[in-house]
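Chains as they are written, first to last, in this note's numbering: chain A, 1 to 203; chain B, 1001 to 1203.
Here a beta-carbon is modelled for each residue, glycine too, at the ideal position from N, C-alpha and C.
Nothing here was measured: the structure is a model prediction, and the numbers come from that model.
There are 2 protein chains.
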Amino acid sequence: MAVSLDLVKKLREMSGAGMMDCKHALEEAGGDIDKAFTILREKGIARASKRADRATGQGVVEAYLHSTSPDYPPQLGVLIEVNCETDFVAKGQEFRKLAKELALQVAGFGARWVSRDEVPDEVLVAEREVYEAKARQDGKPDQVIPRIVEGQVEDFLKHSCLLEQEYFREPGRTVQQFIAENISKLQENITVRRFTRFNIREN
Amino acid sequence: MAVSLDLVKKLREMSGAGMMDCKHALEEAGGDIDKAFTILREKGIARASKRADRATGQGVVEAYLHSTSPDYPPQLGVLIEVNCETDFVAKGQEFRKLAKELALQVAGFGARWVSRDEVPDEVLVAEREVYEAKARQDGKPDQVIPRIVEGQVEDFLKHSCLLEQEYFREPGRTVQQFIAENISKLQENITVRRFTRFNIREN
């Protein structure tokens, strides 16, 4: 089969292999770039680490560590990656300030996911089961239970997803709105790519 | 069924519910503490967040951020949690220094897991497949292929697992040995509980 030059170039970036090797691997893989990458690795042409070098935009990694008192080491920490479009914005003080502020929000308000589409289905299923059992236990009539459950799921999402949380410095506004304000200020799209929160006291 | 007092106490710590509620929930759950916790939640007696309050030892959370130049924001960050037995050791400068050093190791040498028993089976299966296909491609005789593959898997584990990596300041010694030295110095068990590494350039 004929493979597009774009695909060949992309595989080349991923693998660091030559154009012809990439073209042949893509032909062998029927145009499937991941399969082609594996073929190159098997041939010893691509290095596994190359895949990790793919650029995914600009941005900054920030951390926030929280100590309960000055003589105590941090027991809570957050690492966050915030992305933007250009290196010009990434280098600016304002963008970094935004990333720090978001790290602080995560530290203090314990978001578990960036947005609701990241919440695993099994988590929602388990939450729903608990809310439903609780509503039955409370003797709520059958016909209102779905509405009660959905309301509680909605609350759960608003508390667990960073973008939907209330921004701690401006009650009544969401983190999403705070980011949107920075987007219009910096004239560039901004996304929270990922974060992690470690608390010594939590599993 | 009769449930032990220890189990009742444990559930009480987890849930914040009263002794009798815990006892009844455990009886209903046939002694299964997780099931009993869910029963308490369904009854509205336990709060979901309580589960997260369970103490899991002492320790410190540290971060390391890496910038390629002073006028550039950090593009690489590590968050690490290191545990010890007592709050006395956790508060000491030496322990915190150890945690910082381990964060630096993760930043510079890109460990993906703490130890080899954390490496998911599917990762090992995929690595083995690549090494095997590569060996066949190179025309190695069938009978030596398993040995070649196992050697490469061993290399992969030594590079990907923090405890097995060479400690960057003391070539020839592993991170595990460096931690063991601190264990004997501080007279307390020390474990790396978890870490995360974000690199803007990596998926």
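Secondary structure of B:Ala1063 (DSSP, three-state): strand. Within the model, the alpha-carbon separation for A:Gly139 versus A:Val149 is close to 14 Å. Spanning the alpha carbons of B:Leu1124 and A:Gly108 requires a straight line of approximately 37 Å. Only residues of its own chain outside the window of five on either side were considered, and among them Gly77 have a CB closer than 6 Å to the CB of A:Phe198, listed in chain order. Short of 8 Å from the beta carbon of A:Ile145, and not among the five residues preceding or following it, lie these beta carbons of its own chain, in chain order: Glu132, Ala135 and Arg136. Across the structure, A:Ile190 and A:Cys84 are spaced so that their CA atoms are roughly 5 Å apart. For a Cβ distance threshold of 8 Å, residue set Gln1075 and Ile1200 of chain B lies close to A:Gly59, ordered along the chain. Of the residues assessed, B:Asp1087 falls on the exposed side of the cut-off, its CB having fewer than 16 other CB atoms within 10 angstroms. Residue pairing by DSSP leaves A:Leu98 without any beta bridge partner.
Counting only Cβ-Cβ distances below 8 Å, A:Asp155 has no contacts in chain B at all, with the closest Cβ about 12 Å away.
Short of 7 Å from the beta carbon of A:Val60, and not among the five residues preceding or following it, lie these beta carbons of its own chain, in chain order: Val82, Ala90, Phe95, Arg96 and Ala99. Considering only A:Glu62, A:Val153 and A:Arg12, the residue with the shortest C-alpha distance to A:Ile39 is A:Arg12. Chain order gives the chain B residues near A:Ala133 as Glu1042, where near means a beta carbon separation below 7 Å.
Within the segment 1141-1175 of chain B, contact with chain A at the beta-carbon level (separation under 7 Å) is assigned to no residue.
In terms of beta-carbon proximity, B:Glu1188 stays away from the interface with chain A, with every pair separated by 8 Å or more. Using a CB distance cut-off of 8 Å, A:Asp71 counts as an interface residue toward chain B. Among the residues facing chain A, B:Leu1098 is not included, as its CB has no counterpart in that chain under 8 Å away. The C-alpha of A:Gly57 lies about 20 Å from the C-alpha of A:Ala103. Scanning B:Gly1172, B:Glu1042 and B:Pro1073 for the CA closest to the CA of B:Ser1015 turns up B:Glu1042.
Shortest Cα-Cα distance from A:Glu118 to any of A:Ala2, A:Arg193, A:Leu186 and A:Val3 involves A:Arg193. Boundaries of the beta strand (DSSP E) harbouring B:Ile1080: Leu1076 to Cys1084, taken from the DSSP string. Nearest Cα to B:Ser1115 within the set B:Gln1176, B:Glu1202, B:Lys1023 and B:Leu1186: B:Gln1176. Checking the DSSP bridge columns, you'll see B:Phe1198 partnered with B:Gly1077.
Under the DSSP definition of a beta bridge, A:Gln58 partners with A:Cys84. Closer than 8 Å to the CB of B:Gln1137 there is at least one CB belonging to chain A. Interface annotation, A:Arg12: not in contact with chain B, CB-CB separation never under 8 Å. The shortest CA-to-CA distance from A:Ile80 to any of A:Met20, A:Asp21 and A:Leu162 is the one to A:Leu162. In this structure, B:Ala1063 lies away from A:Ala29, with their beta-carbon atoms at least 8 Å apart. Counted as a single uninterrupted DSSP element, the stretch harbouring B:Pro1070 is not any alpha helix (DSSP H), since DSSP gives it neither H nor E.
For A:Arg147, the uninterrupted alpha helix (DSSP H) segment begins and ends at Ile145 to Ser160.
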